[in-house]
Amino acid sequence: NYLDFTMVLGGIVDLWVLPLASLIVSLITGEQRDLSRDLKSALNLLRMFRLLRVLRLVRLVRAIGPLYKLLVGVVESLRAMKWVLVLTLLQLYAGAIIWTSLVGR
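The opening residue of the sequence shown carries number -6 in the working numbering; numbering runs sequentially from there.
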């Protein structure tokens, strides 16, 4: 698929070629220059295409029934874990205040 090839090639350019080229330019000229800043709009477009590729996988997950049920269960458990995290942080904050006032004297 040409879209997949373009995205993989863009990822290679983004992650490997541009940092290497920036390093070579900075070694030769002595000035720090970020080449990825010059191509920022094109790289942002490529990242958006990567997100669209992930959305294609979501469509596949919906087509497979048991995998979809598993994903729904994980998402619902994360909602419950959110409140556990909030309560844990609240207890940690209260404990920190108490210990600071007891030990800090």
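Positions of the beta carbon are idealized from the N, C-alpha and C atoms, including for glycine.
The model shown is predicted, which means the values in this text are computed figures rather than measured ones.
query                                                                          : result
Backbone secondary structure at N(-6) - three-state DSSP                       : coil
C-beta contact flag for V138 and Y61 at 8 Å                                    : Any question about residue 138 goes unanswered here, given that the chain covers just -6 to 98.
Given L32 as reference, the closest of Y86, D7, G97 once Cα atoms are compared : D7
Contact belief for A14 with L2 at Cβ below 8 Å, rounded distance in angstroms  : With a Cβ gap of about 15 Å, A14 and L2 do not count as contacting.
L32 (DSSP reduced to helix, strand or coil)                                    : coil
Proximity below 8 Å, CB of M0 to CB of F42                                     : yes
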